[in-house]
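For the sequence shown, the residue numbers in my numbering are 759 to 961.
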Amino acid sequence: MTNPNFSVAPISDMHVIGIPGSLRAGSYNRMLLRNAHRLAPKGMELSIYEIGSLPLYNADLDGERLPQVVADFKQALLGSAAILIATPEYNYGVPGVLKNAIDWASRPAGKSPLNGKPIAMMGATTGRWGTLRAQLQLRQIFLYTRSHVVMEPEVMVPQANMKFDETGTLIDEETSKYIQMLLEGLADLVILHRQAATQQSGS
Ligand SMILES: Cc1cc2nc3c(=O)[nH]c(=O)nc-3n(C[C@H](O)[C@H](O)[C@H](O)COP(=O)(O)O)c2cc1C
């Protein structure tokens, strides 16, 4: 299924960092990311980056000599074409671990690895609202970081405990289709960015 809002262009050499907003070993959101790897368009590679070892954000530690785990994280983001977030909703909002990772990645403001970065998001919850409120908060956060967020589809997976089989494979066809559309939208956004960068360097 292709996104009708964009022209189809070849996808190549597109490495996407997948960030789960949950540290739980059996996380449904990490499962979503693993399935996204399978559902991604040809030419898109997805690897999962774990954010649990990042220290709590402290501006005193944020400077030229970053903690190594933070430097590695920022380097990984810089080296990626795009970011895919899969997050639960905690108390109607973005889980602290994810917000913490975004805060580290967001500095220096205006010149951070998030600046101009194509980002797609999705979320799974055992609840009924499918992480809607957490995703809205993320969209607001990514305004400040000047990131470029895929507008639609909004991929929300309520009652996630019923959507995977015992091997972690997504068994819900509709959700699978939406993830495919989201990833195609992300690929189109990366291609637009690359085209704009080529035009700028040629002018
Ligand atoms: C601290 C905490 C707060 C939660 N708050 C919400 C919430 O506001 N809305 C919701 O739908 N589910 C909420 N949940 C349920 C989570 O969405 C559910 O546990 C989900 O499976 C967690 O994601 P994971 O499977 O990727 O770890 C909460 C869970 C925890 C542990």
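We put the beta carbon where it would ideally sit given N, CA and C, even for glycine.
Residue i, DSSP secondary structure in three states
i      : result
Val852 : coil
Gly960 : helix
Ile929 : coil
Val908 : coil
Asp946 : helix
Arg952 : helix
Asp820 : coil
Asn873 : coil
Ser934 : helix
Ala863 : helix
Leu835 : helix
Leu745 : Because residue 745 is not part of the residues shown, which for the chain are 759 to 961, the question remains open.
Near ligand 1: residue i beta-carbon under 6 Å from a heavy atom
i      : result
Asn816 : no
Glu847 : yes
Gly926 : no
Arg782 : yes
Asn787 : yes
Gly885 : yes
Tyr807 : no
Tyr936 : no
Tyr902 : no
Residues that residue i bridges to, as DSSP identifies them
i      : result
Leu842 : Gly776, Ala878
Phe922 : Leu928
Val827 : DSSP, once it has assigned bridges, lists no residue as partnering Val827.
Met914 : Gly881
First and last residue of the uninterrupted beta strand (DSSP E) at residue i
i      : result
Ser806 : Correcting the residue identity first, residue 806 is Ile in this sequence and not Ser. Segment 802-806, the beta strand (DSSP E) holding Ile806.
Range of the contiguous alpha helix (DSSP H) that encloses residue i
i      : result
Met789 : 786-797
Tyr902 : 890-902
**Asked** Taking one C-beta from the segment 901-921 and one from the segment 783-792 each time, how about it: are there three or more such pairs within less than 8 Å?
**Response** yes
**Prompt:** Taking one C-beta from the segment 895-910 and one from the segment 864-881 each time, how about it: are there three or more such pairs within less than 8 Å?
**Reply:** yes
**Message:** So, does the segment 837-850 touch the segment 768-780, judging by three or more C-beta pairs under 8 Å?
**Reply:** yes
**Message:** Check whether the segment 807-823 and the segment 940-955 touch, using three or more Cβ-Cβ pairs below 8 Å as the test.
**Reply:** no
**Item:** Meets three-Cβ-pair contact criterion under 8 Å: the segment 926-936 and the segment 789-798
**Value:** yes
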